[in-house]
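Engineer: Quick one: this structure, given as structure tokens, is what I'll be asking you about.
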Amino acid sequence: MANEGGIQATIEASPDEIYDIELEHSLLEANEKLAKENRALLDQHGTTAIDFMGAIGSGKTTLIAKLVEKLKDKMGVAVFNGDATTSNDADAIAKQNVPVVQIATINGCHLDANLVGKGLRKIDIDKVKLLFIENIGNLICPAEFPLGSKARVVVVSVTEGPWMVRKHPHMFLGAQLVVINKIDMAKAMEVSVEDLASDVHKLKPDIKVIPTSCKTGEGIEKVAAALLAV
Amino acid sequence: MHEFSIAASLVEKLSEFVRENPDKRICEVRLEIGELSHIEHDQLHFCYESITKETPLEGSSLKIDKVEAFVECPHCSYRGRPKYWDDILAGAPVVTFQCPSCGKTVGETQGKECAIKSVKFSQIQPVPS
Chain A
-8 MANEGGIQAT IEASPDEIYD IELEHSLLEA NEKLAKENRA LLDQHGTTAI DFMGAIGSGK
52 TTLIAKLVEK LKDKMGVAVF NGDATTSNDA DAIAKQNVPV VQIATINGCH LDANLVGKGL
112 RKIDIDKVKL LFIENIGNLI CPAEFPLGSK ARVVVVSVTE GPWMVRKHPH MFLGAQLVVI
172 NKIDMAKAME VSVEDLASDV HKLKPDIKVI PTSCKTGEGI EKVAAALLAV
Chain B
37 MHEFSIAASL VEKLSEFVRE NPDKRICEVR LEIGELSHIE HDQLHFCYES ITKETPLEGS
97 SLKIDKVEAF VECPHCSYRG RPKYWDDILA GAPVVTFQCP SCGKTVGETQ GKECAIKSVK
157 FSQIQPVPS
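Residue numbers (the working numbering), protein chains in the order written: chain A, -8 to 221; chain B, 37 to 165.
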């Protein structure tokens, strides 16, 4: 056969010709690196970011709105609202005249450090002492993606039923504070706030659990105090 | 469905390897996934197969090694496997951060891994003339 140069064919290696290399590479590294950068930027400006996670309808937005109302005259506050499609939540908070950034993930099921980093470039961070980040209403994915916040809060509500905590245990292991919301509905729902709190403590015995009602205002003061202490 | 983001990040890293080593063909990639990560193995396999279709990575096999969780207690110095919540409805036992020894809160020392451990490849060789 005439040799005309170049590759004539490829030959597959037999099993004894297969090579193996160690390639230690974290697949979550990119997000973790950006989360650290976010955190460094926040620390540099003396800003504390708190990430709120919980199901759709658990009351994350209303709770944040109540906290903003309570704290905005005492210090600079800002809010990032993560939402797949709507700006309903951002609009609700913006009425209080504080800086709000709407983070639309479109098809994404969680906020990531990159999106939060982009948000940080949109606000005058020097004027913000406390930043509330509302994650997407999803109880699994956000746990895997740190954002650079100083504390993560899980909001569960009694309207989600009695098994909420044990059905989504992972979310609580990475949290620093748990809020059990809508306690004014507990009786109607026949859900025990104490049982929910006891489930949380089975997972993480020392974690602070605060029962709240955004309707009556019960517990909001305690949540504000806990967040200022992180 | 964060498995898709993880599979995409995996394929991106492997494609980088393929670009830098055009004479090699990846036949197997081995991952280490920690017990404390929230990654569904079957979904990750499905995503990997879907993304690699009609690419140089098509047909390569994805192997997942599970890394057990280990915890450490700052209160009583316990070090070892975590306590499990065994009677949790019908699901699989769930890892808790309750110290098996003193009952206070522990921290994890192992089990959050989500990394490419190794890659197996074969050499594509030109035919000797």
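We treat Cβ as the ideally placed atom computed from N, Cα and C, and that holds for glycine.
Which of the three DSSP states, helix, strand or coil, is assigned to A(-7)(A)?
Structural biologist: Numbered from its first residue, the first sequence carries residue -7(A) at position 2. Unreliable positioning characterises A(-7)(A) in this predicted model, as indicated by a pLDDT of 47, which lies under 50. The coordinate reading is nonetheless provided below. A(-7)(A) falls in the coil class under three-state DSSP.
Engineer: Starting from the C-beta of M(-8)(A), find all residues in its chain whose C-beta is less than 6 Å away, skip the five residues before and the five after it, and write them out in chain order.
Structural biologist: Taking the first residue of the first sequence as 1, we reach residue -8(A) at position 1. Residue confidence is low: M(-8)(A) scores 48 on pLDDT, short of 50, so the model does not pin down where it sits. Its coordinate-derived value is still stated next. Cβ neighbours of M(-8)(A) beyond the five flanking positions: none.
Engineer: Of all the residues that make up the stretch 109 to 140 of chain B, which are near chain A by a beta-carbon distance shorter than 7 Å?
Structural biologist: Residues passing the 7 Å Cβ filter: W121, I124, L125, V130, T132, F133, Q134, G139, K140.
Engineer: Quick check on P133(A): buried or exposed, where buried means 16 or more other Cβ atoms within 10 Å of its Cβ?
Structural biologist: In the first sequence, residue 133(A) corresponds to position 142, counting from 1. Buried, because 16 or more other Cβ atoms sit within 10 Å of the Cβ of P133(A).
Engineer: If you draw a straight line from the alpha carbon of K113(A) to that of T38(A), how long is it in whole angstroms?
Structural biologist: For the purposes of this step, residue 113(A) is taken as residue 122 along the first sequence, with counting starting at 1. For the purposes of this step, residue 38(A) is taken as residue 47 along the first sequence, with counting starting at 1. The straight-line gap from Cα to Cα measures roughly 15 Å.
Engineer: Can you tell me whether DSSP reads V221(A) as helix, strand or coil?
Structural biologist: On the first sequence, residue 221(A) is found 230 positions in, with the first residue counted as 1. Here V221(A) sits in coil by DSSP.
Engineer: Please go through the same chain and pick out, in chain order, the residues whose beta-carbon is closer than 8 Å to the beta-carbon of V142(B), but skip the five residues on each side of it.
Structural biologist: Counting from one through the second sequence, the residue named residue 142(B) turns up at place 106. Contacts found: V107, E108, C109, P110, Y114, P118, F133, Q134, C135.
Engineer: At a CB-CB cut-off below 8 Å, which residues of chain B make contact with I131(A)?
Structural biologist: Working through the first sequence from its first residue, we reach residue 131(A) at position 140. Those within 8 Å of I131(A) in chain B are H38, H74.
Engineer: On the three-state DSSP scale, how would you describe I84(A)?
Structural biologist: The residue labelled residue 84(A) in the question sits at position 93 within the first sequence. DSSP places I84(A) in helix when its eight states are reduced to three.
Engineer: Sort out for me which residues DSSP pairs Y51(B) with in a bridge.
Structural biologist: Taking the first residue of the second sequence as position 1, residue 51(B) is located at position 15. Per the sequence shown, the amino acid found at residue 51(B) is Ser instead of Tyr. Bridge partners of S51(B): none, in fact.
Engineer: Where does R143(A) fall in DSSP's three states?
Structural biologist: For this step, residue 143(A) is matched to residue 152 along the first sequence. Reduced to three states, the DSSP call for R143(A) is strand.
Engineer: Could you check if A128(B) is buried or exposed, using at least 16 other CB atoms within 10 Å of its CB as the buried criterion?
Structural biologist: Locating residue 128(B) in the second sequence gives position 92, counting from the first residue. By the 10 Å Cβ count, A128(B) comes out exposed.
Engineer: By the 9 Å beta-carbon criterion, what residues does the stretch 146 to 157 of chain B contribute toward chain A?
Structural biologist: Of all residues in the stretch 146 to 157 of chain B, K148, E149, C150, A151, I152, K153, S154, V155, K156, F157 have a Cβ within less than 9 Å of some Cβ in chain A.
Engineer: Given that P134(A) touches chain B, what residues does it touch there, using C-beta distances under 8 Å?
Structural biologist: For this step, residue 134(A) is matched to residue 143 along the first sequence. According to the sequence shown, residue 134(A) is Ala rather than Pro. Within 8 Å Cβ-Cβ: H74.
Engineer: Cβ of I223(A) less than 9 Å from any chain B Cβ?
Structural biologist: The structure shown does not extend to residue 223(A), since chain A spans only -8 to 221, so no value can be given for it.
Engineer: Should C112(B) be labelled buried (16 or more other beta-carbon atoms within 10 Å of its own) or exposed?
Structural biologist: In the second sequence, the residue the question calls residue 112(B) occupies position 76. C112(B) is exposed by the Cβ-count criterion.
Engineer: Just grab the DSSP bridge partners of K102(B) for me.
Structural biologist: To locate residue 102(B), count along the second sequence from 1; it is residue 66. DSSP lists I69(B) as partners of K102(B).
Engineer: Excluding the five sequence neighbours on either side, which residues of its own chain have a C-beta within less than 7 Å of the C-beta of I87(B), listed in chain order?
Structural biologist: Start at 1 with the first residue of the second sequence, and residue 87(B) comes out as number 51. So the list reads A43, A44, V47, once near-sequence residues are dropped.
Engineer: Taking only beta-carbon atoms, is K99(B) less than 9 Å away from chain A?
Structural biologist: Walking along the second sequence from the start, residue 99(B) turns up at place 63. By this cut-off, K99(B) is not an interface position.
Engineer: Between Q159(B) and chain A, is the shortest Cβ-Cβ distance under 9 Å, so that the two count as touching?
Structural biologist: As a first step, residue 159(B) must be located in the second sequence, where it is residue number 123. Answer yes: the Cβ-Cβ gap between Q159(B) and chain A drops below 9 Å somewhere.
Engineer: Name the DSSP beta bridge partners of P202(A), please?
Structural biologist: For the purposes of this step, residue 202(A) is identified with residue 211 of the first sequence, where counting begins at 1. Paired residues: I171(A).
Engineer: I'd like the span of the alpha helix (DSSP H) that includes A104(A), first residue to last.
Structural biologist: As a first step, residue 104(A) is located in the first sequence; it is residue number 113 there, counting from the start. Start and end: 104 to 111.
Engineer: Is S45(B) close to chain A, meaning its C-beta is less than 9 Å from at least one C-beta of that chain?
Structural biologist: Numbered from 1 along the second sequence, position 9 holds the residue referred to as residue 45(B). True, the Cβ-Cβ gap to chain A drops below 9 Å.
Engineer: Do L67(B) and L18(A) have their C-beta atoms within less than 9 Å of each other?
Structural biologist: The residue given as residue 67(B) occupies position 31 in the second sequence. The residue given as residue 18(A) occupies position 27 in the first sequence. Their beta carbons are under 9 Å apart, which means L67(B) touches L18(A) by this criterion.
Engineer: Taking 9 Å as the threshold (beta carbon to beta carbon), is A21(A) in contact with chain B?
Structural biologist: Translated into positions along the first sequence, residue 21(A) becomes position 30. Closer than 9 Å: yes.
Engineer: Between the Cα of A40(A) and those of P196(A), G128(A), I131(A), V107(A), spot the shortest distance and give me the residue it belongs to.
Structural biologist: Here the question's residue 40(A) lines up with position 49 in the first sequence. The shortest C-alpha separation from A40(A) is found at V107(A).
Engineer: Name the one or two DSSP bridge partners that M44(A) has.
Structural biologist: Translated into the one-based positions of the first sequence, residue 44(A) becomes position 53. V145(A), per the DSSP bridge assignment.
Engineer: I152(B) by DSSP, collapsed to three states: which one?
Structural biologist: The residue you call residue 152(B) lines up with position 116 of the second sequence. In the structure shown, I152(B) sits in a strand (DSSP, three-state: E or B).
Engineer: Could you spell out the range, first to last residue, of the beta strand (DSSP E) harbouring F123(A)?
Structural biologist: Your numbering for residue 123(A) matches position 132 in the first sequence. Where F123(A) is concerned, the enclosing beta strand (DSSP E) stretches over 121 to 128.
Engineer: Under 6 Å Cβ to Cβ from P137(A), same chain only, skipping five residues before and after it: list those, please.
Structural biologist: Counted from its first residue, the first sequence places residue 137(A) at position 146. Excluding residues within five positions, the ones whose Cβ falls inside 6 Å are A26.
Engineer: In the DSSP assignment, find the unbroken beta strand (DSSP E) run with F71(A) in it and report its ends.
Structural biologist: Numbered from 1 along the first sequence, position 80 holds the residue referred to as residue 71(A). From DSSP, the beta strand (DSSP E) with F71(A) extends over 68 to 74.
Engineer: Please confirm if K24(A) has its CB atom under 9 Å from at least one CB of chain B.
Structural biologist: As a first step, residue 24(A) must be located in the first sequence, where it is residue number 33. So, not an interface residue.
Engineer: For chain B, find out if any of its Cβ atoms is closer than 9 Å to the Cβ of R157(A); answer yes or no.
Structural biologist: Stepping through the first sequence from its first residue, residue 157(A) is reached at position 166. Yes - at least one Cβ of chain B is within 9 Å of the one on R157(A).
Engineer: Within 10 Å of its beta-carbon, does R157(A) have 16 or more other beta-carbons around it, so buried, or fewer, so exposed?
Structural biologist: If you number the first sequence from 1, residue 157(A) lands on position 166. With 16 or more other Cβ atoms within 10 Å, it is buried.
Engineer: Would you kindly report the start and end of the unbroken beta strand (DSSP E) that includes Q134(B)?
Structural biologist: Residue numbering aside, residue 134(B) sits at position 98 when the second sequence is read from its first letter. No beta strand (DSSP E) contains Q134(B), which DSSP labels as neither H nor E.
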